[in-house]
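Encoded as structure tokens, the structure appears first; notes follow it.
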Amino acid sequence: MPDLNLTRGRPEEWWPNRPLPPPTREVAVYTGSSDLRESLSNHLESPKYHDVVLKCKGQEFKVHRVILCGQSTFFSTMFDGPWKESNDRVVNLDDDDLVIVEMMVRFFYRFDYDDTVHIDGKESPYMVNALVYALADKYDCQSLKELALRKFEDANHSWHLEDLLDIVRAVYDTTPSTDRGLRDQVVDATHYNLDKLIYEPEFMDMLEDVPGFAADLTRAVTENAVEKAEMEAKEIRRQCPGCKAHWTTDMHLLWNTIYNCFSCGHSMEGHYWNETVRGFRKPAKYASWAGRTYLPQLEQWV
0 MPDLNLTRGR PEEWWPNRPL PPPTREVAVY TGSSDLRESL SNHLESPKYH
50 DVVLKCKGQE FKVHRVILCG QSTFFSTMFD GPWKESNDRV VNLDDDDLVI
100 VEMMVRFFYR FDYDDTVHID GKESPYMVNA LVYALADKYD CQSLKELALR
150 KFEDANHSWH LEDLLDIVRA VYDTTPSTDR GLRDQVVDAT HYNLDKLIYE
200 PEFMDMLEDV PGFAADLTRA VTENAVEKAE MEAKEIRRQC PGCKAHWTTD
250 MHLLWNTIYN CFSCGHSMEG HYWNETVRGF RKPAKYASWA GRTYLPQLEQ
300 WV
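So this is what it looks like as structure tokens:
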């Protein structure tokens with residue numbers, strides 16, 4: 000499997016002066032006081048006072064109903080209803096991954112979990128957090144789900160092709176189409192690296208295997224193209240920081256190009272001119288050569 004040295008997504012400076020998106024909601028995950036965390040952690044290690052047993056793949060977790068019900072509406076509904084588990088106080092979780100179940104249990108008592116464990120013989124924080132996110136969604140533990148998403152976003156490892164393919168499949172196999180948390184993350188990372196991935200047979204096979212992901216990626220590419228076209232259609236007025244003269248041009252001409260002021264000859268990169276913009280006027284006609292504005296072709300200015 001080739002190592003394409005993929006990156007997770009666009010760096011903050013990927014497009015100078017790009018309008019910032021609306022601020023995201025801050026995720027507040029209660030971590031408790033140190034004394035409370037230590038006390039709860041001790042209860043996890045000791046079977047004293049436990050009143051519920053979680054069973055998974057031959058291992059038992061002796062836990063406390065009040066702890067489970069306080070953080071998971073799934074368990075709260077289970078123990079409040081006329082179910083076998085509400086009487087026996089034994090819950091079978093054999094359908095779930097033992098390592099991920101243990102992380103969930105530890106979170107109930109410690110408000111955190113270690114995402115550096117090995118899954119299938121290799122360390123992959125992305126995969127671990129994706130699986131924790133899915134389990135938290137299954138058992139309706141919102142605080143764990145938010146923490147898993149935050150850890151997934153904060154993991155600073157490079158994307159490798161094999162990892163990306165596995166993570167995409169895991170995310171789309173374990174989350175509903177209405178849950179955009181992890182799906183948007185992997186779509187953005189893939190979109191950013193699409194020029195590298197599009198020639199990989201494994202990636203093309205994955206698009207056929209995961210149609211939901213293919214649809215989301217197509218939508219992202221299309222929306223980006225529309226946004227770029229709208230940006231290029233806009234006109235913007237520039238002001239020289241030296242002589243304060245003004246002139247206008249198309250928005251897309253601002254990026255990665257050096258311009259000279261038609262009046263005083265002051266030279267600087269296009270995106271800096273944008274920082275001194277005030278208002279809009281008629282566009283200037285121009286011609287460029289070797290990355291510099293060909294001044295005689297400027298026919299109109301203000």
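For the sequence shown, numbering that gives the first Met the number 0 gives the first residue as 0, with consecutive numbering after it. Ideal Cβ positions, reconstructed from N, Cα and C, are used throughout, including at glycine. Given the structure is predicted, the values throughout are model-derived calculations rather than measurements.
Within the continuous beta strand (DSSP E) that includes C68, where are the two ends? Element bounds for C68: not the beta strand (DSSP E) but the alpha helix (DSSP H), R64 to Q70.
Let me make sure I understand the geometry here. Which of Q141, R109, D139 and A147 has the alpha-carbon closest to that of M126? A147
From the DSSP output, read off the bridge partner residues of W245. The question names Trp, but residue 245 in the sequence shown is His. Q238.
Endpoints, the beta strand (DSSP E) within which E52 is located: The sequence as given places Val at residue 52; Glu does not occur at that position. That run of the beta strand (DSSP E) goes V51 to C55.
If you follow the beta strand (DSSP E) that V209 is part of, which residue opens it and which one closes it? No beta strand (DSSP E) holds V209; DSSP gives it neither H nor E.
Report back the beta-carbon spacing between R88 and V52 to the nearest angstrom; my notes put them in contact at under 8 Å. 7 Å
Excluding the 5 residues preceding and the 5 following P124 in the sequence, name in chain order all residues of the same chain whose CB lies nearer than 6 Å to its CB. D114 and A154
Just the C-alpha distance for E55 and K144, rounded to the nearest angstrom, thanks. A small correction: the amino acid at residue 55 is Cys; Glu does not occupy that position in the sequence shown. Going from the Cα of C55 to the Cα of K144 covers about 20 Å.
Taking the alpha-carbon of E222 as reference, which of G264, P175 and V186 has the nearest alpha-carbon? V186
One or two residues paired with K356 in a DSSP bridge: Outside the displayed span of the chain (0 to 301) sits residue 356, for which this structure offers no information.
Evaluate M203 with the Cβ neighbour count: other Cβ atoms within 10 Å of its Cβ, from every protein chain shown; 16 or more gives buried, anything less gives exposed. exposed
Helix or strand or just coil, what does DSSP make of N259? strand
Use the C-beta contact count for E274: other C-beta atoms within 10 angstroms, 16 or more gives buried, fewer gives exposed. The predicted position of E274 is uncertain, since its pLDDT is 41 and thus under 50; a value taken from the coordinates is nonetheless stated next. Classification for E274: exposed.
What distance in whole Å lies between the Cβ atoms of H49 and V65, which are believed to be in contact at a cut-off of 8 Å? V65 to H49, Cβ: 11 Å. No contact.
H321 and L216: beta carbons closer than 9 Å? For residue 321 there is no data in the structure shown, the boundaries of the chain being 0 and 301.
Taking all protein chains shown into account, decide if S71 is buried (16 or more other Cβ within 10 angstroms of its Cβ) or exposed. buried
Between V167 and Q184, what straight-line distance do the alpha-carbon atoms span, to the nearest angstrom? 10 Å
For F212, which residues from the same chain have a beta carbon less than 6 Å from its beta carbon, with the 5 sequence-adjacent residues on both sides left out? V167 and Y171
Applying the criterion that 16 or more other CB atoms from any shown protein chain within 10 Å of the CB defines a buried residue, is I355 buried or exposed? Outside the displayed range of the chain (0 to 301) lies residue 355, so it cannot be described from this structure.
DSSP-derived helix/strand/coil call for N192: coil
Cross-strand partners of V127 (DSSP beta bridge): DSSP lists no partner for V127.
Checking the sheet assignment: what are the DSSP bridge partners for N223? Paired residues: none, contrary to the question.
Between which two residues does the alpha helix (DSSP H) holding V116 run? No alpha helix (DSSP H) holds V116; DSSP gives it neither H nor E.
Which term fits C242, buried or exposed, when burial requires 16 or more other beta carbons within 10 angstroms of its beta carbon? exposed
Coil, strand or helix - S75 by DSSP: helix
Who are N91's beta bridge partners in DSSP? K54
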